Every structure is written in C-alpha cells, then in structure tokens.
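Comments concern the structure below.
Chains as they are written, first to last, in my numbering: chain A, 11 to 346; chain B, 22 to 455.
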C-alpha cells in the first residue's frame, strides 16, 4: 500500500491531462452551445472553425518567431492569439453574411442549417489544408514544463513523478479567464442579457425591441473568440493537424449535449464529464493499482478498460446514454 | 421543354462526358467511372430514401458503407487455417457473452421498478459482464492474431461466393442503423446527425483496430471475385481469338471484359433497387412518408406513428448503403480501412443527392453519375488550373510549389462550394421532386 505514490501517479496520468483536455472541450462546447442557443442549429463547422483559427495563430506565431518576438517562458502563440481571433471573427461574420443570413431570412428548418454548416465545414477544411497542408505543424516554444517529473521526484523524494506541462497550466488558466469573462458578459452587460433573452424566447425578445441581427453578430464574435482559443490551446497541448479538429466534433457535441444544448454551464460540465470518462476508461491502471494493492497482489495485465484507439467510442456511448435517459442533458437544455 | 426530354438530355450529357473520357483517355477509365458511378448511384438512392422521402439527416454513410465492405471479407474470404481452432470459438463465446450481458441489463431495466436498486443492479451486470467479456475475448484474440500474422492473422471468412456478401452487407448496415435509430430518432433532428457521425467514426475505428476481424490496417487483399480473372481470360485461346476478331489485343480485351461484367452486375442491382424505390415512392407508404416529412404534427394527428416510420426508412436507406459498400469492396477486391474518409463516403454522397434532386430517385441516380465524374476529374482539373495560375512564376519559387502541392486539396473546397451553391440557388436540384 502506497497511497501517496498512487495518488501522484493518478494525478500525473489522469487528473492533470483530464483537466487540460476538459478545459479544451469545454471551450469548444461553449461555442457549439451558444450557436445552438441563439441561431438554433448544431454547427458542424465548429471543429473546422477551430482549425482555421488555430492555423491563423500558427502562421502569425511563425511570423513573430522569425521577427524574434517572444514571450520568454510562455509560448509566442499567446501573442498571436488576439490577431488570430480577429481573423476568425472576420471569417465567421463573412460566412454568416454570405451563407447563413439567407436561410435565416427564409426561416429555413434547422436541418437545412445543419446541412449548410456541413458544406461550410468542408470549405473551411479545404482552405486550411490549402494554406498550411494536411501535416502536423509545431508552433510551441518557451518553457516546456511548469514542473517536470524529475524535479518533482527530487523535491518530494517520491518514486512517482508529476509533470505539469506549460501548455496544460496555460490551458486551465486561459479557460478560467475566458469562461469568467463570458459569464460576466452574459449576466451583467446589456448585450449579454439581450442574448439570453433572445435565446429563451425569440418572439418576446423581438417584441421588446432587441435587434436580432445585432444579437447574431455578437454571438459569432464570441464564438470566434471561443473557437480560436480552444483551437490554439488544443494545438499547443497536442499538435496542430487539420484533420484532428474534425474528429474533435464528436466529443465536443457529446459534451454540449451531455450538459444540455444551449446551456453554457452545462457545456463546461459536459466537457469535463467527457474528458474524464475518456481519460479514465482508456488509461492503463496497472501502476496505480500496483501501489494500492497489497504486496504480491499487483495486477498482471495493463488494467486498461479500452484501448486509446476507441476514445471516441467513450464519448459516443455517453452520448447514447444521455439521449436514452435524459435527452435534455444534465442542465436542462433545449431538446425538442 | 417537357420533362422527359429534359431528363433524357441530362443523362445524355453525362453519357457524352463519360464517352469523351473513353475516347481521350482510355476505355478502361471510362468503364471504371461507370462501375463506380453505378455504386455511387445506389448509395445516393439509399440516402435519398432517408433524406428525400423522410427528411432524415444521416452523416454516417461512411460507417454503413464500411460495414458492407466488412461483409465482403467475412463472406468472400476463405477461413484462415488454424485460426478457428486457435481462438475462433473463444471469440464467438465472448461476443455471445457480451450480447447476453446487454440483454440481461435491458431486462433488468424493464422488469424492475425504478429506484437506486435497479440502477445499481444494471451497473453491476454491465461492469461484471464487461470484465467476463474481456477475460474471454483477450486471450482468444491474441491466439488468432498469432496465427501466421504476415499472411492472415485473422479469422477469415466463410469462403462463400462473394455475391452473397451484398445482401449480408445490407443486413449489417441495417443492424447498426437500428441501434442508432432506436436511440436518436424521435428526438430533435440534429441528434440523429451527431449520433450517425459518431457511429461512423467508431465502425472505422473497429475495422482499423480489431485485427482478428478485418486484419486492421494490414488490409485484406485478394477477395475472390464474382467474375473471371484477366489472367485466365488471356490464357483462354477461345477468348483471345474472339478478341482478335474485334481487333483488340488480349490484355486490353480481358481488362475491358472484366469491367464490363462488373458493370452488368451492378446495373442489375441498381435497376432492381430503382424499381423498388420507385414503387415505394408511389405507394401509400411513400405518400405517408412524404406527409410526415412535410408536416410531422399533422401526420401524427392523423394517427401515423412518426418515429416507427422514421426508424423503418432509416434502416432501409442504411441497408442500401451497406449493399453498395459490399459491392464496392467486391470491385476493389480489397478492404482498406484506412481509405474510408468522411469526405469521400459521406459528404460526396450528400452532394450527389442534393445536386441530383432530393426526393427524386432518378435525380439521385443522375447525381451519382455526375458527381462521381466530377470527383474523378476535379483533381486533374485543379492541377491544371494551378499550373495556369502559376505559369508566370519562375520554377522553384515557393508560392508556385505550394500552390501545385495544394491542388490535391481542391476537392474539399470544390465539393463544399458546389453543395452551398446548389442549396442556395437551386435547392430542388437538377431533377426536382414531382
């Protein structure tokens, strides 16, 4: 029995990556849920919006790096983020004007919007690949670790190391700031309140003089901020590859639905539910159980419930369970 | 201009395009476009059944097509020697055990009163069942995969004629569709889209990782054919003499003849399915589906079971995609799980249906041929376009290299743009619904 080492191993392989991944998913799911609440369709282009935003950040980062600009220990990508957000805002507002606004005026059915967003997905994806190619791109610089496994072992004298990557710390801090700002905006400002009113009851909001086009515009601007931030953080933490963002759609949608589509709090909760389920189910528990089990009874196998190749299956199963038993999600979103 | 003339004209244009390919490139290429066009049309028919008739949005076509491909392997390939005795029965037992666990959990769920005891019991059944399942499965899987991994390393199939795989592929796809439809239908329309997106990713993940089933990314090659092999034809004196009579050399004649046989087989399947779909469209059942599509509330008020009809049509449409998937794997003669891309197998089919005219079977077939032709042609055209654009730049200039390299990604953008333009300016497609 070695509780301390078991806990450190657990933190190193499950808690820390889970929190970082959960924050990324939560940011992505917030974007999906906002589009759903205001524009009332599931935006399949969200993953590729993240990819395009992240790509802009990658290109600007490279530009800064060649100019010699840097943030010291922090990644230069943070400096590029605001510029990337501006590009993404332009892109989303342009798409809305060119594509979505036509169907809004016609009051098309939600499913038409979904198909249209699928078309937008592929145009975005094509643009991303056209500009930067389909391969992995590295744009991370600065200090790699806040605390490395070796330092931790030396500091505590424990057998197990605990490594926290800079990108993981950064992800959590940024996510907290972004979410706090978003909730302040939604709850305290006039525009935010008008957004919530519009989401709750469109007709009533229109009657009370809320300008729908303004609400839609603000929504896209916020979604651009969220998507770019999420995309850049994910790209820094893992690596930037256009195709992975399309695959992120499934966990992101699962997170939004688990939390309740249209509910921002739900999106955050859903993000962490999905992230932790994915990490715990695909993690090989051998090490942790090895410390916990009495002498000689340590498990032989990996004690891994599912191989990591099936991590998408985890979000999918959770999604099915929620759809079967509680289609409105944990936080009573809109379901019908 | 009356309708028949217009439709015939549209089909004639596609035919001329294909004939032009035959004249300018090769007749082999043209026949291959026809064969794949037939398969694409069948997939488009299936999607048209779901979208055009019933308004269901399926983003998982890729998964159903891949299940059809798996059927071709499981039916057509000979059983691997020694694999069954090594662990085949263990795997079957494990799978039965898994199914029994789920059945038991469902029964507990249904029979017991709601409460914490039921939740606890269901969880216990599922968790316990999962561990027994893994305990049975894992050793058998490693035993099977250890049997000559370089050549087989999987269970193999039943060794039956591969034609039987086509209906079986449809059954596999129908099973997956039932699972999805049962959970996601009856909720809002986007949920079906997300659920199908998920099942497609998972089916591909299973095909890539379960080596005992489909050899994973090592691919299954050499699936037996339903038609003769080129080499046999070339050694057949009678065939060679006949080919010479028509002025062909034996190699060219044999490749053309094999492709022609495939085209005939596929055409028969397409005609049968087309006839069935046409009958369905004009039957009371088809009218009911369209009534449901146009106004669910009114149809429900008339006593129609909307969810049950949706489930029915969703399963049927997916089954057709499965049949087409099995046919495609038969044509390729190999199953390569890595080649299943959502763009190619989900999105392209959608573009076919919408460009052709959703709700019209003839439109789906036209869209299948036309978009497949464009799909094959966009890449050379994109490359040509890029070469024109960059003609003024000097060789080795980075922008020139980059643009020419990126031409391969033109397909994504073109297909996305085609879909958006058609939806915006001609939402009813080339051959609109009557």
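From the three backbone atoms N, C-alpha and C, an ideal C-beta is built for every residue, glycine too. The model shown is predicted, which means the values in this text are computed figures rather than measured ones.
Buried or exposed by the 16-neighbour rule on C-beta atoms within 10 Å, applied to residue 204 of chain A: Residue 204 of chain A should be labelled buried.
Delimiting residues of the alpha helix (DSSP H) encompassing residue 390 of chain B: 382-410
Nearest residue (CA-CA) to residue 294 of chain A, options A:14, A:13, A:20: A:20
Segments of 3+ residues assigned as beta strand (DSSP E) that fall wholly inside the segment 121-162 of chain A: Segments of the beta strand (DSSP E) lying fully in the segment 121-162 of chain A: 155-157.
Listed by chain order, chain A residues near residue 214 of chain B by CB distance under 7 Å: Within chain A, the residues 52, 124 have their CB atoms less than 7 Å from the CB of residue 214 of chain B, given in chain order.
Proximity test, residue 152 of chain B beta-carbon vs the ligand GTP heavy atom, cut-off 7 Å: Questions concerning the ligand GTP fall outside what the structure shown contains, since it holds no ligand whatsoever.
Partner residues on chain B for residue 287 of chain A, Cβ-Cβ distance less than 7 Å: In chain order: nothing, as chain B lies at least about 14 Å away.
Neighbour-count burial assignment, residue 29 of chain B, 16 or more Cβ in a 10 Å radius: exposed
Contacts around residue 147 of chain A, its chain only, beta-carbon distance under 6 Å, and the 5 residues preceding and following it disregarded: 68, 250
Given residue 73 of chain A as reference, the closest of A:37, A:93, A:180 once Cα atoms are compared: A:93
Alpha carbon of residue 209 of chain B to alpha carbon of residue 299 of chain A, nearest angstrom: 43 Å
Length at least 4, wholly inside the segment 23-67 of chain B: the alpha helix (DSSP H) runs in chain order: 24-45
The segment 71-84 of chain B / the segment 117-133 of chain B touching (three or more Cβ pairs under 8 Å): no
Per-residue DSSP class, three states only, for residue 103 of chain A: Looking at residue 103 of chain A - three-state DSSP - the assignment turns out to be helix.
In DSSP terms, what residue 239 of chain B is bridged to: Paired residue(s): none; residue 239 of chain B is not in a bridge.
Residue from B:289, B:111, B:308, B:165 with nearest C-alpha to residue 73 of chain B: B:308
The segment 216-224 of chain B in contact with the segment 144-154 of chain B per 3-pair CB rule at 8 Å: no
CB of residue 61 of chain A within 8 Å of CB of residue 219 of chain A, strictly: no
With 16 other Cβ atoms within 10 Å as the buried cut-off, status of residue 211 of chain A: exposed
Where residue 38 of chain A falls, given that 16 or more other Cβ within 10 Å makes a residue buried: buried
Proximal residues to residue 420 of chain B (C-beta, below 8 Å), its chain only, five neighbours per side dropped: 411, 414
Top-ranked residue by Cα proximity to residue 352 of chain B, from B:97, B:32, B:46, B:400: B:97
Inter-residue spacing [alpha-carbon to alpha-carbon] between residue 6 of chain B and residue 327 of chain A: Examination of residue 6 of chain B is not possible in this model, given that chain B is present from 22 through 455 alone.
Beta-carbon proximity of residue 130 of chain A to residue 105 of chain A, cut-off 8 Å: Yes, the pair counts as a contact, with Cβ atoms nearer than the cut-off.
Residues of its chain near residue 383 of chain B, where Cβ-Cβ distance is below 7 Å and the 5 sequence neighbours each way are ignored: 28, 452
Residue 81 of chain A - partner residues in DSSP beta bridges: Note: residue 81 of chain A sits in a beta bridge opposite A:84.
Cut-off 6 Å between Cβ atoms - residues of its own chain near residue 291 of chain A, not counting five sequence neighbours on either side: 315, 316, 324
Secondary structure of residue 244 of chain B, DSSP reduced to three states: Coil.
Outcome for residue 297 of chain A when other beta-carbon atoms lying within 10 angstroms are tallied against a minimum of 16: buried
Span of the alpha helix (DSSP H), counted from its first residue to its last, around residue 210 of chain B: Counting along the chain, the unbroken alpha helix (DSSP H) around residue 210 of chain B starts and ends at 210-230.
Interface partners of residue 320 of chain A on chain B, CB under 9 Å: 223, 226, 227, 230
Complete runs of the alpha helix (DSSP H) confined to the segment 60-116 of chain B [at least 4 residues]: The segment 60-116 of chain B contains these whole alpha helix (DSSP H) runs: 82-97.
Option in B:271, B:92, B:338, B:76 with minimal Cα separation from residue 355 of chain B: Checked all of B:271, B:92, B:338, B:76; the closest Cα to residue 355 of chain B is B:92.
8 Å contact criterion, which residue 280 of chain B and residue 70 of chain B should meet: CB distance rounded: Going by Cβ atoms, the distance from residue 280 of chain B to residue 70 of chain B rounds to 28 Å, so no, they are not a contact pair.
DSSP bridge partner residues for residue 321 of chain A (one or two, in chain order): For residue 321 of chain A, which the question treats as bridged, DSSP gives no partner whatsoever.
Below-8 Å beta-carbon distance, residue 250 of chain A vs any chain B residue: no
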